[in-house]
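Just so you know, we're using this note's numbering here: the sequence shown kicks off at 9 and counts up by one.
Heads up: the structure comes next, in structure tokens.
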Amino acid sequence: MRKRMIAGNWKMNKTFSEAVVLAEGLARELEGGTGDVDVVVAPPTVDLKGVAEVIEKEEAPFALSAQNVYWQEAGAYTGETAPNMLEAIGATYCIIGHSERRDYFGETDEDINKKAKALMAHGIVPISCCGESLEIREAGTHVEFVVDQIKKDTEGLEITDPSKYVIAYEPIWAIGTGKTATADDAQEVCGAIRKTLVDIFGEETAAGIRVLYGGSANPSNIAGFLEKEDVDGALVGGASLKADGFADMVRSAMA
Ligand code: PGA
Numbered sequence: 009m010r011k012r013m014i015a016g017n018w019k020m021n022k023t024f025s026e027a028v029v030l031a032e033g034l035a036r037e038l039e040g041g042t043g044d045v046d047v048v049v050a051p052p053t054v055d056l057k058g059v060a061e062v063i064e065k066e067e068a069p070f071a072l073s074a075q076n077v078y079w080q081e082a083g084a085y086t087g088e089t090a091p092n093m094l095e096a097i098g099a100t101y102c103i104i105g106h107s108e109r110r111d112y113f114g115e116t117d118e119d120i121n122k123k124a125k126a127l128m129a130h131g132i133v134p135i136s137c138c139g140e141s142l143e144i145r146e147a148g149t150h151v152e153f154v155v156d157q158i159k160k161d162t163e164g165l166e167i168t169d170p171s172k173y174v175i176a177y178e179p180i181w182a183i184g185t186g187k188t189a190t191a192d193d194a195q196e197v198c199g200a201i202r203k204t205l206v207d208i209f210g211e212e213t214a215a216g217i218r219v220l221y222g223g224s225a226n227p228s229n230i231a232g233f234l235e236k237e238d239v240d241g242a243l244v245g246g247a248s249l250k251a252d253g254f255a256d257m258v259r260s261a262m263a
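What follows is the structure, given as structure tokens:
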């Protein structure tokens, strides 16, 4: 069975000391454990080490994720971070293909596929994002669009342990807008993603890959998404910046 996952994407928020305070707050909130739910936080790159130290010191029940990676091992790639660097500071997850990276930094499905392979070679779990724009949603071609992203993003991946590859469906029109997709909207696309995974990897592997919903998910709407068959958790942006609210979302997933 798939374990639920609640992942917090802090985006470009929190200085080093602020990130430490937030991680400490979350460690306190989740002191009693997270039951059967995998909890992940993704601070900015420069904050990763500080949050890793909090996790170690507090024995906090959440894992560390980066927000981006480059696929090369080392070399003249100014400003980039290699998978082994993330591995060395204890990041066990990495978000890739977020729509903000696709839109503002020109990332392509080919890039995202290379990043997934590079991460997996280092035992880091990709949280691979997909999702359509408002224009595509209004044209009614969102399912085909996302299925096509999934096919390209997973091309040639070898998934031996399905718990080690995560997909996040994030309709762009619902990110940071306060406009959430309905739980049925989320299920429609997450269900289509699952079917695509069956075609690519076979029934058993597809049944073990977590598919998260993301886009204005918050403590009040999370339960509705989690009721859906193919929604295994959430990738949370804005609402992950407050320890108490984020912990409430984790507790909803534990229920
Ligand atoms: P949001 O962001 O929850 O603030 O909409 C989600 C995301 O972009 O991962």
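We put the beta carbon where it would ideally sit given N, CA and C, even for glycine.
Here the structure is a predicted model, which is why all the values come from computation and not from measurement.
For this session: Spatial neighbours of threonine 53 within its chain, please: CB distance less than 8 Å, with the 5 preceding and 5 following residues excluded, ordered by chain position.
Result: Within the sequence shown, the letter at position 45 stands for residue 53. The beta carbon of threonine 53 is closer than 8 Å to those of Ala74, Gln75, Asn76 and Thr89 in its chain, skipping five residues each way along the sequence.
Problem set entry | methionine 20 classed as buried or exposed, judged by whether at least 16 other C-beta atoms fall within 10 angstroms | Your numbering for residue 20 matches position 12 in the sequence shown. Methionine 20 is exposed by the Cβ-count criterion.
Exercise. Is any heavy atom of ligand 1 found at a distance shorter than 7 Å from the C-beta of isoleucine 183?
Worked result: As a working note, residue 183 is residue 175 in the sequence shown. Under cutoff, so the answer is yes.
Exercise. Within the present structure, is the beta-carbon of asparagine 17 separated from the nearest heavy atom of ligand 1 by less than 7 Å?
Worked result: If you number the sequence shown from 1, residue 17 lands on position 9. Asparagine 17: yes, Cβ under 7 Å from ligand 1.
Exercise. For valine 45 versus valine 258, is the C-beta distance shorter than 8 Å?
Worked result: One-based indexing of the sequence shown puts residue 45 at position 37. One-based indexing of the sequence shown puts residue 258 at position 250. Taking 8 Å as the Cβ cut-off, valine 45 and valine 258 qualify as a contacting pair.
For this session: Assign serine 25 to buried or exposed, taking buried as 16 or more other Cβ atoms, counted over all protein chains shown, within 10 Å of its Cβ.
Result: As a first step, residue 25 must be located in the sequence shown, where it is residue number 17. By the 10 Å Cβ count, serine 25 comes out exposed.
Problem set entry | Neighbourhood of lysine 122 by C-beta, 6 Å cutoff - its chain only, sequence neighbours within 5 removed | For this step, residue 122 is matched to residue 114 along the sequence shown. Cβ neighbours of lysine 122 beyond the five flanking positions: Trp79.
Exercise. On the three-state DSSP scale, how would you describe asparagine 121?
Worked result: Position 113 of the sequence shown, counting from 1, holds the residue named residue 121. Looking at asparagine 121 - three-state DSSP - the assignment turns out to be helix.
Exercise. Helix, strand or coil: how does DSSP classify asparagine 92 here?
Worked result: Here residue 92 refers to the residue found at position 84 when the sequence shown is read from its first residue. DSSP places asparagine 92 in helix when its eight states are reduced to three.
Exercise. Rounded to a whole number of angstroms, what is the C-alpha to C-alpha distance between histidine 106 and lysine 65?
Worked result: Residue numbering aside, residue 106 sits at position 98 when the sequence shown is read from its first letter. Residue numbering aside, residue 65 sits at position 57 when the sequence shown is read from its first letter. Rounded to whole angstroms, histidine 106 to lysine 65 spans 30 Å at the Cα level.
Exercise. For asparagine 114, which three-state DSSP category applies?
Worked result: Counting from 1 along the sequence shown, the entry for residue 114 is found at position 106. This sequence places glycine at residue 114; asparagine is not what is there. It is coil, neither helix nor strand.
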